[in-house]
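Trainee:
In my numbering, the protein residues as written are 21 to 241.
(1) Across which residues does DSSP place residue 201 in a beta bridge pair?
(2) Helix, strand or coil: how does DSSP classify residue 185 here?
(3) Return the bridge partner residues of residue 194 from the DSSP annotation.
(4) Report the three-state DSSP secondary structure of residue 239 (helix, strand or coil).
(5) Please report the straight-line C-alpha distance between residue 214 and residue 125, rounded to a whole angstrom.
(6) Go ahead and pull the three-state DSSP assignment for residue 218.
(7) I'd like the list of long-range same chain contacts for residue 160, defined as Cβ closer than 6 Å, with 5 residues on each side in sequence excluded.
(8) May I have the straight-line CA-CA distance separating residue 168 from residue 190, to the nearest angstrom?
(9) Can you confirm whether the segment 166-180 touches the segment 56-63 when touching is taken to mean that 3 or more C-beta pairs between the two stretches lie within less than 8 Å?
(10) Short of 6 Å in beta carbon distance, which residues of its chain neighbour residue 69, apart from the five on each side in sequence? Order them along the chain.
(11) What residue range does the alpha helix (DSSP H) around residue 54 cover?
(12) Alpha carbon to alpha carbon, what distance is there between residue 205 and residue 171?
(13) Excluding the 5 residues flanking residue 212 on each side, which residues of the same chain have their C-beta closer than 7 Å to its C-beta?
(14) Smallest Cα separation from residue 56: which of 219, 234 and 77?
(15) Considering residue 43, what are the terminal residues of the alpha helix (DSSP H) in which it resides?
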């Protein structure tokens, strides 16, 4: 058993990140990230949101997202988000109708949350959902993270200025301004790479060199 909120906040501060940076990287609004760190889970609109955001935030910080979801379920899932109490004086047929309405509402909320989380994971964001940051606020430039991956980033070409060089550690989040990058990568299987908020697809190789721009990714010599 461990404190969910405290461990999330300590992992974020240990990496020198503030809430606004975490908000941009995870696309989860700052007030919900604060709610997770303070264990004010009732601030979120539904339990499905809590689990999805908890897993996403923990994974972003280099933690085990599933472990945090399991811990939440064991301690809080049965305590929060309880349906409104039924009035004892209400007739039985009214109670049945209310139960059906509550069940249908919960099913709708769960389905909506699942669609939002799936859309975020595969690069989309629903503009009508309040917890997702609109696409125009996505961070500009190159953003990358991973664990055990060696990365060398140069401006524009192989002879350009070195912008970053080193082996990424779990929880690292790096951002570089610019629109064209020459990148050398070793062991890219854990690398997450975006340019202007859009995921960059890399060839499945143990080592590679690529040139990345907002419109294309090509293998470099």
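Yeah, the Cβ is synthetic: ideal placement off N, Cα and C, and Gly gets one too.
Mentor: Taking the structure as given:
(1) Residue 201 pairs with 175 and 232.
(2) The three-state reading of DSSP puts residue 185 in strand, counting E and B together.
(3) As DSSP reads the structure, residue 194 sits in a beta bridge with 164.
(4) Annotated three-state conformation of residue 239 is strand, per DSSP.
(5) Cα-Cα distance, rounded: 36 Å.
(6) Looking at residue 218 - three-state DSSP - the assignment turns out to be strand.
(7) Result list for residue 160: 216, in chain order.
(8) Each residue's CA atom was taken as its position, placing residue 168 and residue 190 some 8 Å apart.
(9) As far as the Cβ criterion goes, the segment 56-63 does not touch the segment 166-180, which means the pair count is below three.
(10) Taking C-beta separations shorter than 6 Å and ignoring five residues to either side along the sequence, the partners of residue 69 in its chain run 133, following chain order.
(11) 50-57 is the span of the alpha helix (DSSP H), which, as asked, contains residue 54.
(12) Roughly 5 Å separates the two Cα atoms.
(13) Excluding positions up to five away in sequence, the list reads 164, 165 and 166.
(14) It is 77 whose Cα lies nearest to the Cα of residue 56.
(15) Looking at the DSSP string, the run of the alpha helix (DSSP H) that includes residue 43 is 39-46.
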